[in-house]
Amino acid sequence: MRLPFVRIAWLAAVLALAACSTTPPPAVPDPVPAPPAGPTVLLISVDGLRADALGKGNTPNIDRLAAAGVRAKWMNPSYPVLTFPNHFTLVTGLRPDRHGIIHNSMRDEEVGRFRVKDLQAGADARWWQGEPIWNTAEKKGLRTAIWAWPGNMAPIGGVRATRHVEYSPLVTPAARADEVGAWLTEPDATRPRLAALYFENVDNSGHDSGPGAAVTQATIREVDAAIGRILAALEASGRDARTDVIVVSDHGMAPVRPDQYIALENMATLEQAEAVSTGQVIGFNPRAGHEAAATQRLLGRHAHYECWRKQSLPPQWNYGLHPRVPAIVCQMDEGWNALPAEQLRKTPMERLNRGSHGYPPDLPSMRAVFVAAGPSFRHGVELAPFDNVDVYPLLAHLLRVEPAANDGTLDAFAPALVR
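When you read off a place in the sequence shown, starting at 1, and then add 23, the result is the number in the numbering used here.
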């Protein structure tokens, strides 16, 4: 049938418009790079384990790792020599003065108050100002699993580990070890490439009874046995040949006598200054109108402590620039502690701590542990002492990911690494 010319023209126009309005095919997205290959990495912290605690019969499993791999003569903690600042330094490579966890107890004008026992504060990402290794790994597509490492419950930069377990003192060392051992022996499709595990038990016993007490030695054996359970699980599954295991501590522990306590109020009156932190590293903020009196009373050398303005602290401590650091910082001498007078009055002498840390990082009692073994490490190497900021770049190297900006270096590990 013949179509009139007008109808033909109209049909041609419609077809032309349809051709013009056709949606182009979607662009092919760039392929997502595969996660970097490499060994699984397990990082274990034994809080409060002194460097000289190894090789004395209480740590057969850690000693076995050291014999099969590398051990540092000791590892230097960062200032202040406290649990949360040093644990976050280990996983960020940043000094506490840079990552913001400047004490176990601190204050921020915008964020509020931070205490280590306040789990809600610990989960607030605003406190944590560095990039932990689990974030570095997750950004590259690597699965991570973290058991109660300080900072693991906070969505730092909007990122958390694939698995993040909240701290609970009710979970025994053996139960923690079994959970982490199960993670590491899962099929490749779900097994984490980085796992971290925290043990606080040795630190607790060291505080309660002193580093040399029989109960502390028994706790060291208990935690070492838990580590042995993980090693056994790896060996039974054949995963040991593909897993780098690193055991560290955050600091050591010094013995304390009951007569080595002083009242905070003997340092500065409550009218003169607010004590932001207590214990071994005491931070004071002079109160308005009392700045001169507080400064005159605090600054300088005293019988069992010394105080500085924050900007005048010993330079080797790399501390005092962060706005959270109080205006005046007082460092107690080894073995000494400062607590509120009311707390000292209410605490029976036999219940006062017999062990403390938080003293200058160059003291032998504060030295930390570093032991590592696995496919990435040579055998039977003893490393010279190094700073704990170097652990983060080592972890990034083992995971084959680019580290975030940090204060550490890989140089200390050159004699120990296979590649």
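Note that CB positions come from ideal geometry on N, CA and C, so glycine has one too.
Here residue 366 is exposed, its C-beta having fewer than 16 other C-beta atoms within 10 Å.
In the DSSP assignment, residue 169 is bridged to 187, 219. Residue environment analysis places residue 101 among the buried positions, since at least 16 neighbouring C-beta atoms fall within 10 angstroms of its C-beta.
The secondary-structure analysis by DSSP pairs residue 332 across a beta bridge with 351. Three or more Cβ pairs closer than 8 Å define a contact, and the segment 386-403 meets that threshold against the segment 260-275. Residue 416 is positioned such that its CB atom lies closer than 8 Å to that of residue 429. Around residue 260, the same chain offers 208 as residues with beta carbons nearer than 7 Å, after the five sequence neighbours per side are excluded.
For residue 342, the three-state secondary structure derived from DSSP is coil. Per DSSP, the unbroken alpha helix (DSSP H) holding residue 231 starts and ends at 224-232. By the Cβ test, the segment 297-314 is in contact with the segment 358-365, since at least three Cβ pairs between them sit closer than 8 Å. The residue from 395, 205, 332 with its alpha-carbon nearest to that of residue 323 is 332. A straight line joining the alpha-carbon of residue 256 with that of residue 211 spans about 16 Å.
Within the same chain, and ignoring the five residues on either side of residue 438 in sequence, the residues whose Cβ sits closer than 7 Å to its Cβ are 404, 406. Taking C-beta separations shorter than 8 Å and ignoring five residues to either side along the sequence, the partners of residue 376 in its chain run 230, 231, 279, 360, following chain order. For residue 396, the uninterrupted beta strand (DSSP E) segment begins and ends at 393-396. Residue 362: not part of any alpha helix (DSSP H); member of the beta strand (DSSP E) spanning 360-362, first to last residue.
Between residue 144 and residue 150 the beta-carbon gap is near 7 Å, inside 8 Å, which marks them as a contact.
Fewer than three Cβ pairs drawn from the segment 112-123 and the segment 135-142 lie within less than 8 Å of each other, which leaves the two stretches out of contact. DSSP lists no bridge partner for residue 245. A residue is called buried once 16 or more other Cβ atoms fall within 10 Å of its Cβ, and residue 81 is buried on that count. Fully enclosed alpha helix (DSSP H) runs of no fewer than 4 residues occupy 119-122 of the segment 110-138, in order along the chain. In this structure residue 213 is exposed. Its beta-carbon is surrounded by fewer than 16 other beta-carbon atoms within 10 angstroms. Residue 311 and residue 321 have their C-alpha atoms roughly 16 Å apart.
The shortest CA-to-CA distance from residue 128 to any of 236, 334, 298 is the one to 298. Here residue 196 is near residue 245, since their CB atoms are less than 8 Å apart.
Spatial neighbours of residue 91 in its own chain (CB-CB distance under 7 Å, excluding positions within 5 residues in sequence) are listed in chain order as 396, 402.
Under the criterion of beta carbons closer than 8 Å, residue 418 and residue 156 qualify as touching, at roughly 5 Å. Taken through DSSP and simplified to helix, strand or coil, residue 284 comes out as strand. Secondary structure of residue 318 (DSSP, three-state): helix. Ranking 58, 65, 158 by CA distance to the CA of residue 263 puts 65 first. The secondary-structure analysis by DSSP pairs residue 294 with nothing; it has no beta-bridge partner. Excluding the 5 residues flanking it on each side, residue 201 has same chain C-beta neighbours closer than 7 Å at 252, in chain order. Measuring C-alpha to C-alpha distances from residue 301 to each of 270, 130, 172 identifies 130 as the nearest. A Cβ-Cβ distance of about 11 Å is found for the pair residue 217 and residue 266, leaving them out of contact under the 8 Å criterion.
CA-to-CA, the gap between residue 112 and residue 104 works out to about 11 Å.
The Cβ atoms of residue 94 and residue 412 lie no closer than 8 Å to each other.
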